[in-house]
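Asker:
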Amino acid sequence: MLEAITGFLENTGIAIIIRDLSWQSVLMIGISFVLLYLGIVRGFEPLLLVPIAFGMFLTNLPNTGMMNMEIFSGTAVDWAMLSAKGGLLDYLYLGVKLGIYPPLIFLGIGAMTDFSPLIANPKTIFLGAAAQLGIFITFAASRLAGFDNLEASAIGIIGGADGPTAIYVTKMLAAHLLPAIAIAAYSYMALVPIIQPPIMRALTTKKERAVVMAQLRPVSKTERIIFPIMVTLVVAMIVPDAAPLVGCLMLGNLLKESGVAERLVKTAANELMNIVTIFLGISVGATAKAETFLKRETLLIIGMGLVAFSISTVGGVLFGKFMYWITKGKVNPLIGSAGVSAVPMAARVANSVGLETDPNNYLLMHAMGPNVAGVIGSAVAAGVFLSLFQ
Amino acid sequence: MVYVMLYMIFFYEEGVRDMSFAEHSSDTFSLSHVGGSTAPEIASDPGVGAVIVIGLVIVFAALAVIFFAMMVMERIFRPGSKAASVRAPFDGRIECIAAKGAVVPDEVVAVVCTTNGERMELLSPAAGIIRFLLHEGDSFQSKDVLFTVGRGESK
């Protein structure tokens, strides 16, 4: 009788926590609470930070058995171990491990994105290219810091400010860094309004920030339908490794612009996107176990991510200044910062910094051009890394 | 640019290997690994400088091709001015909505500004999220109809 009671008590959550909870796990749970605070109270990317933080919280509770990373430690999934001891999060993590979630999220993003500002002002596409500078500079910095080519590629891609792309590349090239990179990428995306404005103000003059850009021309439906097909074709020809991401992005957009698949558009942009976001967030968060996360390179990755993101912003703004000079003052350099692909947050930031100088100067639509170009640009940059190192 | 593109398409891999041969005496590298796990060996390492140059060139080249394609597309498919003579009637209901900085509801197709020449900022989801900076007498196109900013009179 006494043995039965003792056995029961030893298997309660309280006993397990007292017995097995390490200080590292307590620290990780603390970090998950900070992320929950940022998501819930401060409103920073809550759709992603909340599931990521909760996944982190769950996985660091002792003996929940929800995530067993040893199943995924090899290059391929250990299917026998998965069926024998796989928990819920292990099954959800398959979507990350097999590279399914990021393209599906791109499908949803495509269904929600209006490329008209880019089609109406095609030259802004180069701002989306220039803002990928941070990716490659950070690649070099990461190599200098001691990371190998594969890891440096995954770290550099944080500079694209594109969560799904960062996860996709990391999963392909350096899966062991996934938690740190995913958390860094989404944290910096959430911090766009804090990180970018000081850089934008420092690199531009008041006169440049006050430039009022000409109204965008109307874009025909035919252009909007041809655009996704054309982009897919071009990207698949030049960087085939970027095709899964860009292809899904453009499929979502084609569904939207064709106007004949309304039900699919609604599903892609809402239900599918939301389901995948929950699965992706919670399973990525669950990979952040204390023993794999609390390492020197995690701090390095987070630092490098900030460098990547800042340099990308610098690249975009400097190219914006170049376009300002070339066009004799017709382009507001602030829209260059939106070339990082955090859509639409980066465009909103460009708009709000412009409004600080001239309360009547709305740059939102002009910034949306480089912003959506940045999505394509970062996917192409990802394809470059994959083709070089995969 | 076309040359760079063609080069990348047809000679890309060879180019990468050539650069690695130029920079290093061997085409096989053992990669250092901060994380401590086993590092894979790859056949060639293009070198950090080459990755930066190749990466930026390819990103710019890919987006440049899209740029040129968009320019061609614009030439062929840009909306014409067929409906340029159509004028919208004044709609007092819409006028009430169109306060400075207002976001016009989806169901509103046209916006007519009736302020006395004051610049107004209107966002119309009906035409995407297109921005209109309007003065009295200005025109804008929405749903293939050209609208003219009036002073509260039917045009």
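Heads up: the sequence lines are chains F and E, in that order. 1702 is the number that our numbering gives to position 382 of the first sequence; each next residue is one higher, with no gaps. 86 is the number that our numbering gives to position 66 of the second sequence; each next residue is one higher, with no gaps. Ideal Cβ placement from N, Cα and C applies to all residues, glycine included. Please read all numbers here as calculations on a predicted model, not as lab measurements.
1. Cβ closer than 9 Å: which chain F residues qualify as neighbours of Arg95/E?
2. For a quick check, are the C-beta atoms of Met1478/F and Gly1625/F less than 7 Å apart?
3. Check whether the stretch 1356 to 1374 of chain F touches the stretch 1624 to 1640 of chain F, taking contact to mean three or more Cβ pairs, one atom from each stretch, closer than 8 Å.
4. Contact criterion: CB-CB distance below 7 Å. Does Ala70/E meet it with respect to chain F?
5. Beta carbon of Val1555/F, beta carbon of Val1566/F: below 7 Å?
6. To the nearest angstrom, how far is it from the Cα of Lys1450/F to the Cα of Gly1636/F?
7. Mind listing which residues of the stretch 1432 to 1460 of chain F have their C-beta closer than 9 Å to chain E's C-betas, in chain order?
8. Output yes if chain F places a C-beta closer than 7 Å to the C-beta of Gly75/E; else output no.
9. With the cut-off set at 7 Å, would you say Met1387/F and Leu1409/F are in Cβ contact?
10. Given that Thr1542/F touches chain E, what residues does it touch there, using C-beta distances under 7 Å?
11. Among Ala1658/F, Arg1616/F and Glu1617/F, which one has its Cα closest to the Cα of Val1634/F?
12. Tell me the rounded alpha-carbon separation between Ile1420/F and Phe1353/F.
13. Only counting runs of 3 or more residues, tell me where the beta strand (DSSP E) segments fall wholly within the stretch 1598 to 1632 of chain F, in order along the chain.
14. Taking any Cβ of chain E, which residues in the stretch 1691 to 1710 of chain F have a Cβ under 9 Å from it, in chain order?
15. Under 7 Å, Cβ to Cβ, is there at least one residue of chain E near Ile1546/F?
16. Of the residues Tyr1411/F, Leu1706/F, Ile1487/F and Val1695/F, which one's Cα is nearest the Cα of Pro1422/F?
17. Considering only the alpha carbon of each residue, which of Thr1524/F, Ile1457/F and Glu1577/F lies closest to Leu76/E?
18. CA-CA distance, Glu94/E and Glu1543/F?
19. Select from Lys1417/F, Ile1425/F, Ala1702/F and Gly1385/F the residue whose C-alpha is nearest the C-alpha of Gly1406/F.
20. If you draw a straight line from the alpha carbon of Tyr1508/F to that of Leu1355/F, how long is it in whole angstroms?
21. What number of angstroms, rounded off, separates the C-alpha of Val1302/F from the C-alpha of Ile86/E?
22. Could you list which residues in chain E have their beta carbon closer than 9 Å to that of Gly1594/F, in chain order?
23. At 4 residues or longer, what runs of the alpha helix (DSSP H) sit wholly inside the stretch 1415 to 1453 of chain F?
24. Would you call Ala1562/F buried or exposed, if buried means 16 or more other Cβ atoms sit within 10 Å of its Cβ?
25. Whose Cβ in chain E lies nearer than 8 Å to the Cβ of Arg1463/F?
26. What would DSSP say about Pro1711/F, mapped onto helix, strand or coil?
27. In chain E, which residues lie less than 7 Å from Val1489/F when you measure between Cβ atoms?
28. Using only the alpha-carbon positions, how far apart do Ile74/E and Ile1558/F sit?
29. Of all the options Val1346/F, Leu1708/F, Arg1616/F and Asn1691/F, which has the alpha carbon lying nearest to the alpha carbon of Lys1443/F?
30. Would you report the Cα separation of Ile1549/F and Ala89/E, rounded to the nearest angstrom?
31. Answer yes if the stretch 1390 to 1399 of chain F comes into contact with the stretch 1368 to 1379 of chain F, meaning at least three C-beta pairs across the two stretches below 8 Å, and no otherwise.
32. Is Asp1398/F helix, strand or coil by DSSP?
33. To which residues of the same chain is Pro1499/F closer than 7 Å at the C-beta, ignoring the five residues directly before and after it?
34. Pick out whichever of Asn1652/F, Leu1708/F, Thr1332/F and Ala1687/F has its Cα sitting closest to the Cα of Thr1524/F.
Answerer: Reading off the structure:
1. Taking the first residue of the second sequence as 1, we reach residue 95/E at position 75. Residues of chain F passing the Cβ test: none, with the nearest at roughly 11 Å.
2. Position 158 of the first sequence holds residue 1478/F. Position 305 of the first sequence holds residue 1625/F. According to the sequence displayed, residue 1478/F carries Ile and not Met. Taking 7 Å as the Cβ cut-off, Ile1478/F and Gly1625/F qualify as a contacting pair.
3. With contact defined as three or more Cβ pairs closer than 8 Å, the stretch 1356 to 1374 of chain F and the stretch 1624 to 1640 of chain F are not in contact.
4. For the purposes of this step, residue 70/E is taken as the residue at position 50 of the second sequence. Closer than 7 Å to the CB of Ala70/E there is not a single CB belonging to chain F.
5. Your numbering for residue 1555/F matches position 235 in the first sequence. Your numbering for residue 1566/F matches position 246 in the first sequence. Result yes, Cβ atoms of Val1555/F and Val1566/F sit closer than 7 Å.
6. Within the first sequence, numbered from 1, the residue matching residue 1450/F stands at position 130. Within the first sequence, numbered from 1, the residue matching residue 1636/F stands at position 316. According to the sequence shown, residue 1450/F is Ala rather than Lys. Ala1450/F and Gly1636/F have their C-alpha atoms roughly 5 Å apart.
7. Within the stretch 1432 to 1460 of chain F, the residues whose Cβ lies closer than 9 Å to some Cβ of chain E are Asp1434, Ser1436, Pro1437, Leu1438, Ile1439, Ala1440, Pro1442, Lys1443, Ile1445, Phe1446, Gly1448, Ala1449, Ala1450, Gln1452, Leu1453, Ile1455, Phe1456, Ile1457, Phe1459 and Ala1460, listed in chain order.
8. In the second sequence, residue 75/E corresponds to position 55, counting from 1. It does; some Cβ of chain F falls within 7 Å.
9. In the first sequence, residue 1387/F corresponds to position 67, counting from 1. In the first sequence, residue 1409/F corresponds to position 89, counting from 1. Their beta carbons are under 7 Å apart, which means Met1387/F touches Leu1409/F by this criterion.
10. As a position in the first sequence, residue 1542/F is number 222, starting the count at 1. Chain order gives the chain E residues near Thr1542/F as Phe97, where near means a beta carbon separation below 7 Å.
11. Numbered from its first residue, the first sequence carries residue 1634/F at position 314. The option with the nearest alpha carbon to Val1634/F is Ala1658/F.
12. Taking the first sequence and counting its residues from 1, the one referred to as residue 1420/F is at position 100. Taking the first sequence and counting its residues from 1, the one referred to as residue 1353/F is at position 33. Looking at the two C-alpha atoms, the distance is approximately 28 Å.
13. Counting only runs of 3 or more, we get nothing.
14. Along the stretch 1691 to 1710 of chain F, going in chain order, the ones with a CB nearer than 9 Å to a CB of chain E are Ala1693, Ile1696, Gly1697, Ser1698, Val1700, Ala1701, Gly1703, Val1704, Phe1705, Ser1707, Leu1708 and Phe1709.
15. The sequence position of residue 1546/F within the first sequence is 226, counting from 1. Interface residue, yes.
16. For the purposes of this step, residue 1422/F is taken as residue 102 along the first sequence, with counting starting at 1. By alpha-carbon distance to Pro1422/F, the top candidate from Tyr1411/F, Leu1706/F, Ile1487/F and Val1695/F is Ile1487/F.
17. Within the second sequence, the letter at position 56 stands for residue 76/E. Comparing Cα-Cα distances from Leu76/E to each of Thr1524/F, Ile1457/F and Glu1577/F, the minimum goes to Ile1457/F.
18. As a working mapping, residue 94/E is identified with position 74 in the second sequence. As a working mapping, residue 1543/F is identified with position 223 in the first sequence. Whole-angstrom Cα-Cα distance: 7 Å.
19. Sequence index remark: in the first sequence, residue 1406/F carries index 86 (1-based). Taking only the C-alpha atoms, the option nearest Gly1406/F is Gly1385/F.
20. For the purposes of this step, residue 1508/F is identified with residue 188 of the first sequence, where counting begins at 1. For the purposes of this step, residue 1355/F is identified with residue 35 of the first sequence, where counting begins at 1. The alpha-carbon separation between Tyr1508/F and Leu1355/F amounts to approximately 12 Å.
21. For chain F, the structure presents residues 1321 to 1710; residue 1302/F sits outside this window and is missing.
22. The sequence position of residue 1594/F within the first sequence is 274, counting from 1. Note on residue identity: the sequence assigns Asn, not Gly, to residue 1594/F. Listed by position along chain E, the residues whose Cβ is nearer than 9 Å to that of Asn1594/F form an empty set, because the closest Cβ is around 22 Å away.
23. The stretch 1415 to 1453 of chain F is shown to contain whole alpha helix (DSSP H) runs of 4 or more residues at 1421 to 1432, 1436 to 1440 and 1445 to 1450, in chain order.
24. Along the first sequence, read from residue 1 onward, the residue named residue 1562/F stands at position 242. Classification for Ala1562/F: buried.
25. Here residue 1463/F refers to the residue found at position 143 of the first sequence. In chain order: Val68.
26. Residue coverage of chain F in this structure runs from 1321 to 1710, which leaves residue 1711/F outside it and unanswerable.
27. Within the first sequence, numbered from 1, the residue matching residue 1489/F stands at position 169. Think of a sphere of 7 Å around the beta carbon of Val1489/F: no beta carbon from chain E falls inside it, the nearest being about 12 Å out.
28. Here residue 74/E is taken as the residue at index 54 of the second sequence, counted from 1. Here residue 1558/F is taken as the residue at index 238 of the first sequence, counted from 1. Rounded to the nearest whole angstrom, the C-alpha separation of Ile74/E and Ile1558/F is 12 Å.
29. Along the first sequence, read from residue 1 onward, the residue named residue 1443/F stands at position 123. For the residues Val1346/F, Leu1708/F, Arg1616/F and Asn1691/F, the minimum Cα distance to Lys1443/F belongs to Asn1691/F.
30. Looking up residue 1549/F in the first sequence gives position 229. Looking up residue 89/E in the second sequence gives position 69. Near 11 Å, if we compare the C-alpha coordinates of Ala89/E and Ile1549/F.
31. Touching, no.
32. Position 78 of the first sequence, counted from the start, is the residue given in the question as residue 1398/F. DSSP places Asp1398/F outside both helix and strand once states are collapsed to three, so it counts as coil.
33. Translated into the one-based positions of the first sequence, residue 1499/F becomes position 179. Excluding its 5 nearest sequence neighbours in each direction, Pro1499/F has C-beta neighbours in its own chain below 7 Å: Val1604, Thr1607, Ala1608, Thr1612 and Phe1613, listed in chain order.
34. On the first sequence, position 204 is the one that residue 1524/F refers to. Of the candidates Asn1652/F, Leu1708/F, Thr1332/F and Ala1687/F, the one whose C-alpha sits nearest the C-alpha of Thr1524/F is Asn1652/F.
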